[in-house]
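Here's what the structure looks like:
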């Protein structure tokens, strides 16, 4: 989520058209010094160049659609686990939740634990049956489960996938602009447009050329940099307090300016029940929604055997837990070393806390490393999302619904590449229009939509014998509509200074995040639709499906 | 955790499917692994995810209990947050052990049988497939 690389890019000598747009002046206003900025730029460009070449080399060679969607299916569990960890942890987690800890202490830590717990849903419930019964996209699994209404459920699930992916993708792009604003002052129109277009173009190139192999590669690179960067910085923080957790907590409590209250619940909520329910709602959306993000689920389909998948998911669990613990140390360290007042003075959301901490304890080199990490994280997550959205568009909507499954491989591959461009351009346009939106709000909305439409459908589809197409459609359209309506009448859209329409007030739903209501509603609608159906679905189709989901007959013995 | 609850095995076993492949779905050992997978899934989910949501509820509505200091600056809530990671590690350990012992052997055997049956049935060369190994 880092942005000064883009200033660096704008000021690049080889880029005369953009060098004159006044960004060097903006640069001087940034928090981070010029040396660190250059270093960030060099690091970031090397990562992008190297991974772009690798994406080209590992790109699908034989125009096989399976390779484009799933990539190399024989990666080792550790590499798969790194890629999954990369998909799971976005820049919002890294910068946003550390900022939350630096500002609200205990409550921020709770949010970080939620991010880790979310991976348990993947590991324990979804991963293995989904891989066994799946093909390329989530809708393939559902179409296999409900074969008589496969077109209708495909369209519905593709719509949900596209909504979630676009929301989260826009959140990533807007995050770039938001950080630009925090570090170099409010960016002018040209800088902002350049930032969004540069990130978007890179993402489209990665996916269109590299497909899943390219996305996997950048995801692994990002995960390695993330684990390394977080552990180095956390070690530096801990060594400052002689490796004593109590010493760190003491310093954080005094640095926060509120003393021991920093380590007690309740600093984030303003006391009222609404604030508490809002926090609970956010946690519900995170715990169930992170697991149901389409790009995370799509990666579960890539390992060739169930056993490799299980080992990969366990690796990912360990890596996610490690990074989250490290991020907790970083957040506490930021409160202890930089101080809560200074962090919230620079940026009320706290996103700048890690960079400020790095500048304070490691100088420009560490700042450059962390900035580069944040940027690569942004790029990698956006790549995964674009791939998931493009696969859904090309495979579900074009090849299966419009062409009725008669599309040739080469045709579908071309469609997938075109879909990538379409998704990328669409996301860039939305990001440019809604650049004022709050990244964290957009991301948590994506979680809520995923948790209330995709998750109920997939869980019922995998495990419930009496689930019917009507239940699936009701869960997906109903869960989606429930989220949209609740958000439209929430403080996100009107009545608050930070909303889209601050001037008017039609916010009769008090919570910022609809998860607390919409997730149970999604499950309830799925149940209701199935119960009210005329009869159960074809029992033989379910038997075939459950044999496949349980045994995964495609893999070598 | 209860290992031998028979609740899960009974329900679908009474069905009499007709196709050759679907006999696998009604076999008792298939039902046993299916039940074993569900049991560990549900138990582990309620322990880790349910436990976490209860913890969030407690943090929101019983802040004075979780804010109680334990050792030094560590409050009860902070200890519980660290405990969540321990619970997750234990859950993952139990899950992998359970799957290895109760699910994998039967699944491997059934899969091998399924493959043998399929080979016996398809004497003719396999028809050309559109999508690789599927």
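Chains as they are written, first to last, in the UniProt record's numbering: chain A, 1 to 557; chain B, 1 to 134. Don't be surprised by glycine CBs; every beta carbon is placed ideally from N, CA and C. No experiment lies behind these values; they were computed from the predicted model shown.
- Per DSSP, the beta bridge partners of residue 494 of chain A are A:501.
- Residue 490 of chain A is not a Cβ neighbour of residue 160 of chain A, given a cutoff of 7 Å.
- Taking a C-beta cut-off of 8 Å against chain B, the contacting residues of the stretch 221–252 of chain A are 245, 246, 249 and 250, listed in chain order.
- The beta carbon of residue 106 of chain A sits closer than 7 Å to some beta carbon of chain B.
- Under the DSSP assignment, residue 69 of chain B falls in the beta strand (DSSP E) whose first and last residues are 69–71.
- For the pair residue 114 of chain A and residue 283 of chain A, the CB atoms are nearer than the 7 Å cut-off.
- Here residue 98 of chain A has 327, 330, 331, 334, 353 and 354 as same chain residues with Cβ atoms under 7 Å from its own Cβ, once five neighbours each way along the sequence are excluded.
- Across the set A:293, A:218, A:137 and A:289, the C-alpha of A:137 shows the shortest separation from the C-alpha of residue 69 of chain A.
- Scanning its chain for C-beta atoms nearer than 8 Å, with the 5 sequence neighbours on each side dropped, one finds around residue 220 of chain A the residues 79, 82, 83 and 86, in chain order.
- When Cβ-Cβ separations below 7 Å define contact, residue 283 of chain A makes contact with chain B.
- Within chain B, 67, 69, 73, 74, 75, 77 and 78 have C-beta atoms less than 9 Å from the C-beta of residue 263 of chain A, given in sequence order.
- Proximity of residue 109 of chain A to chain B, defined by a Cβ-Cβ separation below 7 Å, is satisfied.
- Within chain B, the residues 92 and 95 have their CB atoms less than 8 Å from the CB of residue 123 of chain A, given in chain order.
- Bounds of the alpha helix (DSSP H) holding residue 276 of chain A are 273–289.
- With a beta-carbon spacing of about 4 Å, residue 390 of chain A and residue 419 of chain A fall inside the 8 Å limit used to define contacts.
- The C-beta distance from residue 208 of chain A to residue 477 of chain A rounds to 31 Å, too long to meet the 8 Å contact threshold.
- One finds 85, 88 and 89 in chain B with Cβ atoms closer than 9 Å to the Cβ of residue 321 of chain A, taken in chain order.
- Rounded to whole angstroms, residue 551 of chain A and residue 111 of chain B show a C-alpha spacing of 6 Å.
- Taking 8 Å as the upper bound for CB-CB distance, residue 324 of chain A and residue 112 of chain A are in contact here, some 5 Å apart.
- Annotation for residue 448 of chain A: 285, 289, 483, 513, 514, 515 and 518 place their beta carbon closer than 7 Å to its own, counting only its chain and skipping 5 residues before and after.
- For the 7 Å CB-CB criterion, residue 147 of chain A and residue 462 of chain A do not form a contact.
- Taken through DSSP and simplified to helix, strand or coil, residue 75 of chain B comes out as strand.
- Within the same chain, and ignoring the five residues on either side of residue 315 of chain A in sequence, the residues whose Cβ sits closer than 6 Å to its Cβ are 77, 78 and 81.
- Among the CB atoms of chain A, one or more fall inside 7 Å of the CB of residue 111 of chain B.
- In the displayed model, residue 507 of chain A falls within coil according to three-state DSSP, outside both helix and strand.
- For the 7 Å CB-CB criterion, residue 263 of chain A and residue 253 of chain A form a contact.
- Taking 7 Å as the cut-off, the beta carbon of residue 74 of chain A is found no closer than this to the beta carbon of residue 213 of chain A.
- Between the stretch 218–233 of chain A and the stretch 58–71 of chain B there are fewer than three inter-stretch CB-CB distances shorter than 8 Å, so the stretches are not counted as touching.
- A straight line joining the alpha-carbon of residue 287 of chain A with that of residue 117 of chain B spans about 42 Å.
- Our two residues, residue 385 of chain A and residue 530 of chain A, have alpha carbons roughly 31 Å apart in a direct line.
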